[in-house]
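Asker:
Protein chains: 2
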Amino acid sequence: MPYFDAASSAPLHPVARQALLAALDEGWADPARLYREGRRARLLLDAAREAAAEAVGCRPDELTFTSSGTRAVHSGISGALAGRRRVGRHLVVSAVEHSSVLHAAATHEAQGGTFAEVPVDRAGAVSAAVYGEALREDTALACLQSANHEVGTEQPVAEVAELCRASGVPLMVDAAQSLGWGPVPTGWSLLAASAHKWGGPSGVGLLAVRKGVRFAPQGPADERESGRAAGFENIPAVVAAAASLRAVRAEAAAESVRLRALVDLIRARVPELVPDVEVVGDPVRRLPHLVTFSCLYVDGETLLHELDRAEFSVSSGSSCTSSTLTPSHVLRAMGVLSEGNVRVSLPAGTTAEDVDRFLRVLPGVVSEVREKLGAPVSVAPSPAAATSLVVDSLGKRCPIPVIELAKVIGEVPVGGTVTVLSDDEAARLDIPAWCAMREQEYVGEEPADRGSAYVVRRLS
Amino acid sequence: MPYFDAASSAPLHPVARQALLAALDEGWADPARLYREGRRARLLLDAAREAAAEAVGCRPDELTFTSSGTRAVHSGISGALAGRRRVGRHLVVSAVEHSSVLHAAATHEAQGGTFAEVPVDRAGAVSAAVYGEALREDTALACLQSANHEVGTEQPVAEVAELCRASGVPLMVDAAQSLGWGPVPTGWSLLAASAHKWGGPSGVGLLAVRKGVRFAPQGPADERESGRAAGFENIPAVVAAAASLRAVRAEAAAESVRLRALVDLIRARVPELVPDVEVVGDPVRRLPHLVTFSCLYVDGETLLHELDRAEFSVSSGSSCTSSTLTPSHVLRAMGVLSEGNVRVSLPAGTTAEDVDRFLRVLPGVVSEVREKLGAPVSVAPSPAAATSLVVDSLGKRCPIPVIELAKVIGEVPVGGTVTVLSDDEAARLDIPAWCAMREQEYVGEEPADRGSAYVVRRLS
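If you read the protein sequences in the order shown, they are chains A and B.
Here the first sequence stands for residues 1 to 460, where the numbers follow UniProt numbering.
Here the second sequence stands for residues 1 to 460, where the numbers follow UniProt numbering.
(1) With 16 other CB atoms within 10 Å as the buried threshold, where does residue 209(A) fall?
(2) Does the separation of the CB atoms of residue 421(B) and residue 199(B) fall below 8 Å?
(3) Can at least three beta-carbon pairs, one atom from the segment 5-20 of chain A and one from the segment 17-35 of chain B, be found at a separation below 8 Å?
(4) So residue 437(A) is in the alpha helix (DSSP H); what residue range does that whole segment cover?
(5) List, in order along the chain, the chain B residues whose C-beta lies closer than 7 Å to that of residue 203(A)?
(6) Using 8 Å as the cut-off, can you tell me whether the segment 296-303 of chain B makes contact with the segment 393-402 of chain B, which would need three or more C-beta pairs spanning the two stretches below that distance?
(7) Below 8 Å between beta carbons: does that hold for residue 118(A) and residue 95(A)?
(8) Measure how close the beta-carbons of residue 113(B) and residue 91(B) come, nearest whole angstrom, since I'm counting them as under 8 Å.
(9) On the three-state DSSP scale, how would you describe residue 76(A)?
(10) Tell me whether residue 345(A) sits in a helix, a strand or coil according to DSSP, three-state version.
(11) Where residue 382(B) and residue 411(B) are concerned, what is the direct C-alpha to C-alpha distance, given to the nearest angstrom?
(12) Alpha carbon to alpha carbon, how far is residue 157(B) from residue 250(B)? Give it in angstroms, no decimals.
(13) Indicate whether residue 373(B) and residue 403(B) have their beta-carbon atoms separated by less than 8 Å.
(14) Just to confirm before moving on: does the CB-CB distance between residue 28(B) and residue 196(A) stay below 8 Å?
(15) When the cut-off is 8 Å and only beta carbons count, does residue 535(A) lie next to chain B?
(16) So which of 87(B), 218(B), 238(B), 207(B) has the shortest CA-CA distance to residue 41(B)?
(17) Any idea what DSSP makes of residue 93(B), helix, strand or coil?
(18) Quick one: does residue 289(B) have its CB under 8 Å from some CB of chain A?
(19) Strictly below 7 Å CB to CB, what residues from chain B border residue 33(A)?
(20) On the DSSP bridge assignment, give the partners of residue 145(B) in chain order.
(21) Find the nearest neighbour of residue 350(A) within the set 312(A), 339(A), 327(A), judged by alpha-carbon distance.
(22) Just checking: is the beta-carbon of residue 98(A) within a distance shorter than 8 Å of some beta-carbon in chain B?
(23) Give the residues of chain B in contact with residue 37(A), contact being defined as C-beta atoms less than 7 Å apart.
(24) Give the straight-line distance between the Cα atoms of residue 108(A) and residue 216(A), rounded to the nearest whole angstrom.
(25) Tell me whether residue 212(B) is buried or exposed, calling it buried when 16 or more other Cβ atoms sit within 10 Å of its Cβ.
(26) On the DSSP letters alone, give me the boundaries of the alpha helix (DSSP H) that residue 183(B) sits inside.
(27) Check residue 5(A) in the structure and name its three-state DSSP category.
(28) Taking 8 Å as the CB-CB cut-off, is residue 13(A) touching chain B?
(29) Output the residue ranges of the beta strand (DSSP E) runs that lie fully inside the segment 23-75 of chain B and measure 3 residues or longer, sorted by chain position.
(30) State the CB to CB distance for the pair residue 141(B) and residue 77(B), rounded to an integer number of angstroms; the pair is presumed to be in contact (CB under 8 Å).
(31) Roughly how many whole angstroms lie between the Cα atoms of residue 379(A) and residue 387(A)?
(32) How would you write the range of the beta strand (DSSP E) that residue 459(B) sits in, first residue to last?
(33) Does the segment 115-129 of chain A touch the segment 165-174 of chain A, meaning 3 or more C-beta pairs lie closer than 8 Å?
(34) Could you tell me which residues DSSP puts in a beta bridge with residue 114(A)?
(35) In chain A, which residues lie with their C-beta within 8 Å of the C-beta of residue 351(B)?
(36) Roughly how many angstroms separate the alpha carbons of residue 363(B) and residue 273(B), rounded to a whole number?
In structure tokens:
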């Protein structure tokens, strides 16, 4: 039963499990107390901080344990913004940050601040030059992920850090997806990460704040963790997080080469095995273990369900999955297809056999889903072609509007147009993406009584 | 090595350990995902919520798991205040709430709100009538602990809840110290608790919000836990928390009777064995396992250190302990002695032998500490008595000012005064408390060049 969703949460690393067990008996007391149980807890906490700080590349007194990566991001952003409030209230983020960053930015805006999203290219990367242009006199903080969680693309952190340094703006790096693979390039001012992403336990995030960075923790005062993470310390989990970070780092060099080759195989074979597929994200500057592709004429939820029945656990940035009704903001920012989206993120130890079996299973699963939805196999021109056609897809959800577009495009002559009426948010992203893949012209979007009218001109 | 500080953190209950281990292998995936590992995690989370809700006495959909009791308190208060912002911005708390409540109140005040502290009697209890008078038209929220964490006194929650209901004010009960012993009396609107206080793991708090209570979660949006607790769910710990809550509840009836008797023994024997001791807190309406007393002429840190050497782990609300420089706000609000303060809180399973040994060890430890500090053994009148004396205790820390006062009181005639100059914050609390214990008259406090002048008249 191969689990291919390490980017959501990695199975507990054996070292994490072992360290957690050992620390359960030693680390339950209050480390602020003077008696032996408290001193023992304090020793464990201090040792874990030293080990984690070394892996992060910071001083132990710069590192705080939070209760999750999300909390690390929220506290890091709010503390840095408050610490530099006199400079200004402007925040810069990339358009493809994790939702915890974007939600913190939205909260900042709701409280009277401003923020700018730096766009990305079709591979999902910001341009350092464009990022640098977004920095202003009143920019209090800039945020950039080390690598994207949905498509794996690495960001130019070192270059952006240098531009931030030159502008005197602290840079916070969300390293949640990459920290297990290696340290973040130097130059960051704040860093956030999450233990369960590298095989550590749930309940532990890391927040590092470099000495000299102005930082004012928000929320009610609490003396623990330098005032940066309220609540009783979760020492057994912290010990397990630090121990497993060291363990995965020791294995990272060899494992990243191995998984990189498996991902290269998926990247190369999926477009050969499955028609109408777009593999997204940077093919080279990327996380070793993660690849994302989108399948035309397929809805994400059915695809996940069928892959689950075939015993593969993957995730999707499509809009048609149970947890969300809008397509992934990452795919949207990249301008790539979101329908039938599949993210494969291999946990350490994934075997070549599992990947082979995935590649054997995938084509049949995709074509079954397409068949059920009545997706076009090939586009045959209709004998009695009209100059333009209108397709009413109102009330229909992704991928139906694109399927209906694909079905009728052959019925108009070359130069004619198809207008798709749709009130599904995903259509705004997927119809232009389909046009790019099919080399048809996307004319544009017009408001309609309900939803929007998307106009496509047949070119071939 | 008897550990007598369960009120800080209880050792992990065997059921918690067992449940945590089992859930480590089943509960690491994202419960929002559709694949089997996600569904399995979701089942565990749902079952834990059902079990915990039953113990709390609420519906599962009213209960949220947070990352700590402190977080539950912070989120509960900020969410309830924001939800009722149109009613007003007034908050009512008791003067002896946990610091997490008082810090949240201070943050509310810093953001433009107001709050009132309801005073307590010398036993540490609020009067329901006085609490009711503090409720105003614009009161958005009232907070009252179920029982005090430092002295064990139970609060009149049911009566206060009834008054709150009549005024239309939601009541938030901090049940951190009592939830393991039984459900909170009905009538509350919000309830907060902390798993590691009942023998559950670190990293889990409970926040219950009754249906119909206006509640607006603060901070960046996060879809997990009904939007009330940001961050990836810590399912193994949540499972262990729920399982151990059921387990300690099953043992609570018998264990509370047993520990109540041991605490009664301590309450009775300590004043017989140790001179100049004040046992504080309500002797009857109290937590079963907790007792606090204060020893004149003793500094808290040395006492804790000596008890630790004798293998007893206890805590102290004295000012002279490493983690704090001001005396406990609880003891201060009660108007009782804070110097030489010892809190004994027995974990489940504490043996009568351990308590007996504590009672054998304590008198010697206290008298040794007093001897080192040169504390008075008895007060003998001096032959050449002056009408008034000034004692300069500036720069000296608790309990030295009280010791110096006790040493010279015999040197003034009955009716004469001793003025103690002190810049130690604890003196403001401890000199009046000493006067009450010694039946001398506390005349009052006057400002001085440095610190304050505390005037005491000899009555006997």
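Note that the Cβ used here is the ideal one computed from N, Cα and C, for glycine as well.
Note that the coordinates shown come from a computational prediction; the quantities given were computed from them, not determined experimentally.
Answerer: On the basis of the coordinates in this document:
(1) Along the first sequence, read from residue 1 onward, the residue named residue 209(A) stands at position 209. Burial call: buried.
(2) Translated into the one-based positions of the second sequence, residue 421(B) becomes position 421. Translated into the one-based positions of the second sequence, residue 199(B) becomes position 199. No, the Cβ-Cβ distance between residue 421(B) and residue 199(B) is not below 8 Å.
(3) yes
(4) Taking the first residue of the first sequence as 1, we reach residue 437(A) at position 437. Per DSSP, residue 437(A) belongs to the alpha helix (DSSP H) from 427-438.
(5) The residue labelled residue 203(A) in the question sits at position 203 within the first sequence. Those are 67, 203, 234, 237, listed as they occur along chain B.
(6) yes
(7) What you label residue 118(A) is simply residue 118 of the first sequence in a count that begins at 1. What you label residue 95(A) is simply residue 95 of the first sequence in a count that begins at 1. Yes; because the gap between Cβ atoms is below 8 Å, this pair is in contact.
(8) Here residue 113(B) corresponds to residue number 113 of the second sequence, with the count starting at 1. Here residue 91(B) corresponds to residue number 91 of the second sequence, with the count starting at 1. Rounded, the Cβ-Cβ distance is 6 Å, consistent with contact.
(9) Here residue 76(A) corresponds to residue number 76 of the first sequence, with the count starting at 1. In this structure, residue 76(A) counts as helix in the three-state DSSP scheme.
(10) As a position in the first sequence, residue 345(A) is number 345, starting the count at 1. It is a strand residue.
(11) By one-based count along the second sequence, residue 382(B) stands at place 382. By one-based count along the second sequence, residue 411(B) stands at place 411. Here residue 382(B) scores only 47 on pLDDT, less than 50, and its place in the model is too uncertain to base an answer on.
(12) Walking along the second sequence from the start, residue 250(B) turns up at place 250. Walking along the second sequence from the start, residue 157(B) turns up at place 157. Their Cα atoms are separated by approximately 23 Å.
(13) One-based indexing of the second sequence puts residue 373(B) at position 373. One-based indexing of the second sequence puts residue 403(B) at position 403. Contact: yes.
(14) Here residue 28(B) is taken as the residue at index 28 of the second sequence, counted from 1. Here residue 196(A) is taken as the residue at index 196 of the first sequence, counted from 1. Going by C-beta atoms, residue 28(B) is nearer than 8 Å to residue 196(A).
(15) Because chain A spans 1 through 460 in this model, residue 535(A) falls outside it and cannot be assessed.
(16) As a first step, residue 41(B) is located in the second sequence; it is residue number 41 there, counting from the start. Selected option, being the one with the closest Cα: 238(B).
(17) Against the second sequence, residue 93(B) aligns to sequence position 93. Here residue 93(B) sits in strand by DSSP.
(18) The sequence position of residue 289(B) within the second sequence is 289, counting from 1. By this cut-off, residue 289(B) is not an interface position.
(19) The count along the first sequence starts at 1 and reaches residue 33(A) at position 33. Chain B residues near residue 33(A): 5, 8, 315.
(20) Within the second sequence, the letter at position 145 stands for residue 145(B). Bridge partners of residue 145(B): 174(B).
(21) The residue given as residue 350(A) occupies position 350 in the first sequence. Taking only the C-alpha atoms, the option nearest residue 350(A) is 312(A).
(22) Against the first sequence, residue 98(A) aligns to sequence position 98. Not closer than 8 Å to any Cβ of chain B, the Cβ of residue 98(A) fails to qualify, so no.
(23) Mapped onto the first sequence, residue 37(A) falls at position 37. In chain order: 3, 313.
(24) By one-based count along the first sequence, residue 108(A) stands at place 108. By one-based count along the first sequence, residue 216(A) stands at place 216. Rounded to whole angstroms, residue 108(A) to residue 216(A) spans 15 Å at the Cα level.
(25) Residue 212(B) sits at position 212 when you count from the first residue of the second sequence. Exposed.
(26) Here residue 183(B) is taken as the residue at index 183 of the second sequence, counted from 1. That residue, residue 183(B), is in no alpha helix (DSSP H); it is neither H nor E in DSSP.
(27) Along the first sequence, one-based indexing puts residue 5(A) at 5. In this structure, residue 5(A) counts as strand in the three-state DSSP scheme.
(28) Within the first sequence, residue 13(A) is the residue found at index 13, counting from 1. Output row for residue 13(A): interface = no.
(29) 63-66
(30) Here residue 141(B) refers to the residue found at position 141 when the second sequence is read from its first residue. Here residue 77(B) refers to the residue found at position 77 when the second sequence is read from its first residue. With 8 Å as the limit, residue 141(B) and residue 77(B) qualify as a contact, their Cβ atoms being about 7 Å apart.
(31) If you number the first sequence from 1, residue 379(A) lands on position 379. If you number the first sequence from 1, residue 387(A) lands on position 387. Residue placement at residue 379(A) is poorly supported in this model, since its pLDDT is 45, which falls under 50; the coordinates still yield a value, given next. Taking the straight line joining both Cα atoms gives about 17 Å.
(32) For this step, residue 459(B) is matched to residue 459 along the second sequence. That residue, residue 459(B), is in no beta strand (DSSP E); it is neither H nor E in DSSP.
(33) no
(34) The residue labelled residue 114(A) in the question sits at position 114 within the first sequence. DSSP lists 90(A) as partners of residue 114(A).
(35) By one-based count along the second sequence, residue 351(B) stands at place 351. Within 8 Å Cβ-Cβ: nothing; residue 351(B) doesn't reach chain A, min ~17 Å.
(36) If you number the second sequence from 1, residue 363(B) lands on position 363. If you number the second sequence from 1, residue 273(B) lands on position 273. If I take the Cα positions, the gap works out to 6 Å.
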